[in-house]
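Below is one structure, written out as structure tokens, with a few remarks after it.
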Amino acid sequence: MLPAKEQPAHPYMTSSPACWEGYGALLAVQYTSPERMAFHQLIVDAYAVQHPGGGDRRAVQSVGIHLMTLAMFLEDGVDPGLGTRLHRGMVERPVFDRLYRPVALPAERLSWRHVPLDGPAEVAKARAYEWAHAAWGEWEPQHAVVRGWLRTSRMS
516 MLPAKEQPAH
526 PYMTSSPACW
536 EGYGALLAVQ
546 YTSPERMAFH
556 QLIVDAYAVQ
566 HPGGGDRRAV
576 QSVGIHLMTL
586 AMFLEDGVDP
596 GLGTRLHRGM
606 VERPVFDRLY
616 RPVALPAERL
626 SWRHVPLDGP
636 AEVAKARAYE
646 WAHAAWGEWE
656 PQHAVVRGWL
666 RTSRMS
């Protein structure tokens with residue numbers, strides 16, 4: 516859906532160079548605003564689960580961790596500001612290899628383009644939550660698996 520570009524994309528996510536570039540522009544805006552950084556992890560997680568990569572260890576671990584934190588943010592009300600700390604703890608608990616099952620993702624869906632690059636942070640936050648809910652919903656057949664990962668990987 517985006518124009519072809521020649522620059523590199525992510526090493527193991529399945530994004531096109533143009534998609535990766537647009538996502539990078541959104542991240543740049545996020546990093547310049549403390550208000551936006553409060554929900555930054557939602558954006559990172561939504562993007563990652565929409566670009567799950569292949570079956571190699573890094574890709575499996577990445578999508579597993581991002582799905583877990585999306586579940587915690589959206590279902591348990593955990594603060595997205597805790598995302599980095601949560602990810603650090605989850606990476607030490609590699610339960611993903613035996614449970615990961617990729618799903619077919621819909622062609623028409625919300626993406627990073629849904630979150631405005633300018634305007635009030637509250638609008639961007641609402642849009643980021645809409646996108647995160649949509650991205651999490653795309654994995655609905657795997658929600659029970661992700662919840663199982665959370666049960667075995669909860670940090671004390």
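Using this note's numbering, the first residue of the sequence shown is number 516, and each one after it goes up by one.
Here a beta-carbon is modelled for each residue, glycine too, at the ideal position from N, C-alpha and C.
Residue i (DSSP reduced to helix, strand or coil)
i: Met583; result: helix
i: Asp594; result: coil
i: Val630; result: coil
i: Asp560; result: helix
i: Arg551; result: helix
i: Arg624; result: coil
i: Thr599; result: helix
i: Gly569; result: coil
i: Met528; result: coil
With 16 other Cβ atoms within 10 Å as the buried cut-off, status of residue i
i: Gly598; result: buried
i: Asp571; result: exposed
i: Gly596; result: exposed
i: Arg551; result: buried
From the options, residue whose alpha carbon lies closest to that of residue i
i: Ala543; options: Trp646, Val630, Val660, Arg662; result: Val630
i: Tyr644; options: Gly663, Glu590, Thr667; result: Glu590
i: Ala649; options: Trp627, Ser548, Gly634, Gln576; result: Trp627
i: Ile580; options: Ser531, His602, His658, Trp535; result: His602
i: Val638; options: Phe554, Gln576, His658; result: Phe554
Alpha-carbon to alpha-carbon, residue j and residue i
i: Phe588; j: Asp594; result: 6 angstroms
i: Arg662; j: Leu625; result: 23 angstroms
i: Gln556; j: Gly569; result: 22 angstroms
i: Gly592; j: Tyr546; result: 23 angstroms
i: Val564; j: Trp646; result: 11 angstroms
i: Ser548; j: Ser668; result: 31 angstroms
i: Trp651; j: Tyr562; result: 10 angstroms
First through last residue of the alpha helix (DSSP H) which encompasses residue i
i: Trp651; result: 636-653
i: Pro532; result: 532-546
i: Thr667; result: 658-668
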